[in-house]
Amino acid sequence: MDAAKPVNIAELRRMRAAGEKIACLTCYDASFALIEDRAGVDVVLIGDSLGMVIHGGRTTTPVTVDQIVYHSKCVAPHLQRAFLIADLPFLSYATLERALDASQRVMQEGGAKMVKLEGGREQASIVEYLSVRGVPVCAHLGLQPQFIHKMGAFKVQGRDDAAAEAMVHDAHVLAEAGADLLLLECIPAGLGRRIAQASPVPVIGIGAGHDVDGQILVLHDILHISPTVTLGRTPRFVKNYMNGAPDIESAIRAYVQEVKSGAYPAPEHCF
Ligand code: KIV
Numbered sequence: 043m044d045a046a047k048p049v050n051i052a053e054l055r056r057m058r059a060a061g062e063k064i065a066c067l068t069c070y071d072a073s074f075a076l077i078e079d080r081a082g083v084d085v086v087l088i089g090d091s092l093g094m095v096i097h098g099g100r101t102t103t104p105v106t107v108d109q110i111v112y113h114s115k116c117v118a119p120h121l122q123r124a125f126l127i128a129d130l131p132f133l134s135y136a137t138l139e140r141a142l143d144a145s146q147r148v149m150q151e152g153g154a155k156m157v158k159l160e161g162g163r164e165q166a167s168i169v170e171y172l173s174v175r176g177v178p179v180c181a182h183l184g185l186q187p188q189f190i191h192k193m194g195a196f197k198v199q200g201r202d203d204a205a206a207e208a209m210v211h212d213a214h215v216l217a218e219a220g221a222d223l224l225l226l227e228c229i230p231a232g233l234g235r236r237i238a239q240a241s242p243v244p245v246i247g248i249g250a251g252h253d254v255d256g257q258i259l260v261l262h263d264i265l266h267i268s269p270t271v272t273l274g275r276t277p278r279f280v281k282n283y284m285n286g287a288p289d290i291e292s293a294i295r296a297y298v299q300e301v302k303s304g305a306y307p308a309p310e311h312c313f
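Everything in the sequence shown is counted per the working numbering, starting at 43 for the first residue and increasing by one.
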């Protein structure tokens, strides 16, 4: 691995083709950006999970574009190698114009190189609109935390045949629309494998099983300090990398190594 060569979309595609797992982690500030970059994290996400792990909210709904831009600005200058993705927060991509405006801000002001948005085929026109204008898009399928007030609870998605078929179709439509990356959250491992095998673009999972092209977790979850962990609501796919680690950088390095080797996720982290 060339530590100085920045990761880009072409490199993510190459890694996928070569069977090299992509290690992704959320990040929200400069101190952790430096450590994650040095520890070999390939992709850093300014997740709207910041509403929960930084602001202490129960959902991601209150997170604003201003806040994503702010945290992106804290992180971007400190990444030499890792590829930076920023979330488009709740309703910031409700129309084509809003999506373009939010993307412009997180990329031009925040320094992100890709935006992530939640939703299935209904977002295809937005993905296409952004993509043809030079905005790389990661499409987030499966559990979509921005839909919490429609769903009522965070739960595993795609368990029945109809929902699984719909998700396979959504993934296809979004990649056709120009998505450069897919992210699958909280779905059965077999469905994750099926979508990854059919996908023309790299597929990153969080609670989506072992057979996808890379993994992502929330930084504060792997350090065992997030409110969900502290309050005893640790999701099944979370692993405590501070367990046995002498310091934070070692914990993050262990996560990267286990993603690369395939040791993470183990069967107990999958649905
Ligand atoms: O906001 C976030 O951190 C995310 C990850 C959980 C994938 O979307």
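Using N, Cα and C, we set each Cβ at its ideal position, and we do this for glycine too.
Distance CB(Ala238)-CB(Asp255) smaller than 8 Å:
yes
Among Val95, Ala141 and Ser241, which one has its Cα closest to the Cα of Thr272?
Val95
Run through DSSP, which three-state label would Cys312 get?
coil
Take Asp44 and list the residues in its own chain whose beta-carbon comes closer than 6 Å to its own, dropping the five residues that flank it on each side.
For Asp44, the predicted structure reports a pLDDT of 48, less than 50, and the residue's modelled location is therefore unreliable. A value from the coordinates is still provided. Excluding residues within five positions, none has a Cβ falling inside 6 Å.
Rounded C-beta distance between Ala213 and Leu183? I'm assuming under 8 Å.
6 Å
Compare the C-alpha of Ile246 against each of Glu62, Ile190 and Pro48 and name the closest.
Glu62
Expressed to the nearest angstrom, what Euclidean distance is found between the alpha-carbon atoms of Asp253 and Cys116?
33 Å
Around the Cβ of His311, are there at least 16 other Cβ atoms within 10 angstroms (buried) or fewer (exposed)?
buried
Here's the rule I'm using: 16 or more other beta-carbon atoms within 10 Å means buried, otherwise exposed. How should Glu218 be labelled?
exposed
Can you name, in chain order, every residue of its own chain whose Cβ lies under 7 Å from the Cβ of Ile290, other than the five neighbours on each side?
Ile77 and Leu265
Please give me, in chain order, every unbroken run of the alpha helix (DSSP H) with length at least 4 that falls completely inside the region 84 to 142.
92 to 95 and 107 to 117
Using CA atoms only, rank isn't needed, just tell me which of Asp79, Arg140, Val86 and Asp129 is closest to Gln122.
Asp79
Alpha carbon to alpha carbon, how far is Glu53 from Ala124?
11 Å
Name all residues in chain order for which at least one heavy atom of the ligand KIV lies closer than 7 Å to the residue's CB.
Thr68, Leu87, Gly89, Asp90, Ser91, Thr102, Asp129, Lys158, His182, Pro187, Leu225, Glu227, Ile248, Ile258 and Val260
Hey, how far is the Cα of Lys281 from the Cα of Thr68?
14 Å
Using the three-state DSSP reduction, which class does Ile294 fall into: helix, strand or coil?
In the three-state reduction of the DSSP assignment, Ile294 falls in the helix class, which pools H, G and I.
Enclosing beta strand (DSSP E) for His252 [first to last residue]
Under the DSSP assignment, His252 falls outside any beta strand (DSSP E); it carries neither an H nor an E label.
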